[in-house]
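Quick note: the first sequence uses numbering that gives the first Met the number 0, first residue 0, plus one each step. The beta carbon of each residue, even a glycine, is placed where N, CA and C say it ideally should be.
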Amino acid sequence: MNVLDESFFARSTQEVAQDLLGSFLCRKIGNTVLKSVITETEAYLDEKDEASHARFGKTNRSKIMFESPGVWYVYLIYGMHNMLNVVTEQTGKAGAVLIRETIDFKGPAKLTSAFDIDRKFNGVAISPKHNLWIEKGSEKPAFESLPRIGIDYASEKWRKAPLRFKAKI
DNA sequence: AAAGTGATCATG
DNA sequence: ATGATCACTTTG
0 MNVLDESFFA RSTQEVAQDL LGSFLCRKIG NTVLKSVITE TEAYLDEKDE
50 ASHARFGKTN RSKIMFESPG VWYVYLIYGM HNMLNVVTEQ TGKAGAVLIR
100 ETIDFKGPAK LTSAFDIDRK FNGVAISPKH NLWIEKGSEK PAFESLPRIG
150 IDYASEKWRK APLRFKAKI
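Here is the structure:
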């Protein structure tokens with residue numbers, strides 16, 4: 000099938016972040032299936048990445064990033080917005096990709112709001128069985144690499160690291 | 001430019 | 001226990 004499985008996610012975070020561009024985020028709610036093309040992602044690496052939640056090591060929140068690839072990592076930010084990430088890398092190595100926008104929804108919090116995604120998906124397998132999954136796109140789009148958003152607390156090296164990937168329309 | 005909102009992390 | 005901070009959005 001076209002459904003992405005664990006082998007897709009068990010690779011380097013940057014590769015997964017780039018390859019996710021052009022694929023379809025899919026959500027089943029009742030009898031309806033929503034599908035929207037992913038157009039922007041960000042890679043968050045392991046302990047060395049000063050912008051990543053893994054920078055403090057394994058904590059209650061970040062431990063999911065160290066665990067098995069192919070599950071969702073969803074957390075609440077600013078007291079009101081849910082962020083949707085996929086866990087990457089082999090078990091034991093931290094990594095996650097933030098899905099920042101799709102062709103229909105500009106902004107990570109608007110996306111989760113539109114797809115009715117919240118922390119109940121944290122740690123859940125990325126699979127149609129759980130009504131939230133990703134399907135392979137027809138072709139990998141051209142993209143540009145940019146600094147990530149909203150991480151001013153990190154040092155210059157990481158603030159400027161081109162770990163945001165945006166598909167060219 | 002600044003509010004709004006609550007989980008999370010460090011510190012005590 | 002408390003306090004500062006935060007991978008955002010909306011409004012002015």
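Where R118 sits in the DSSP three-state scheme = R118: helix per DSSP, three-state reduction.
From what residue to what residue does the alpha helix (DSSP H) around T90 run?
-> No alpha helix (DSSP H) holds T90; DSSP gives it neither H nor E.
With distances taken Cα to Cα, identify the nearest neighbour of I148 among E88, I37, I98.
-> Cα-wise, what sits closest to I148 is I98.
Of all the beta strand (DSSP E) runs that stay within the bounds of the segment 135-165, which reach a length of 3 or more residues?
-> Look at the segment 135-165 and you find these whole runs of beta strand (DSSP E), each 3 residues long or longer: 142-145.
Do you know offhand how far N84's Cα is from S126's?
-> Cα to Cα, the separation comes out at about 14 Å.
State buried or exposed for N30, treating a residue as buried only when at least 16 other CB atoms are found within 10 Å of its CB.
-> N30 is exposed by the Cβ-count criterion.
Spatial distance of K119 from V73 (CA atoms) | Distance between the alpha carbons of K119 and V73 is about 8 Å.
Throw me the rounded Cβ distance for the G94 and L44 pair, which I believe falls under 8 Å.
-> Rounded to the nearest angstrom, the Cβ distance from G94 to L44 is 6 Å, consistent with a contact under 8 Å.
Use the C-beta contact count for E155: other C-beta atoms within 10 angstroms, 16 or more gives buried, fewer gives exposed.
-> It is exposed - the Cβ of E155 has fewer than 16 other Cβ atoms within 10 Å.
Bridge partners - F23, DSSP secondary structure assignment | BP columns for F23 point to V36, E134.
Mapping DSSP to helix, strand and coil, what is L75?
-> Assigned with DSSP and collapsed to three states, L75 falls in strand.
Count the other CB atoms within 10 Å of the CB of E88; is the residue buried (16 or more) or exposed (fewer)?
-> Per the 10 Å Cβ criterion, buried.
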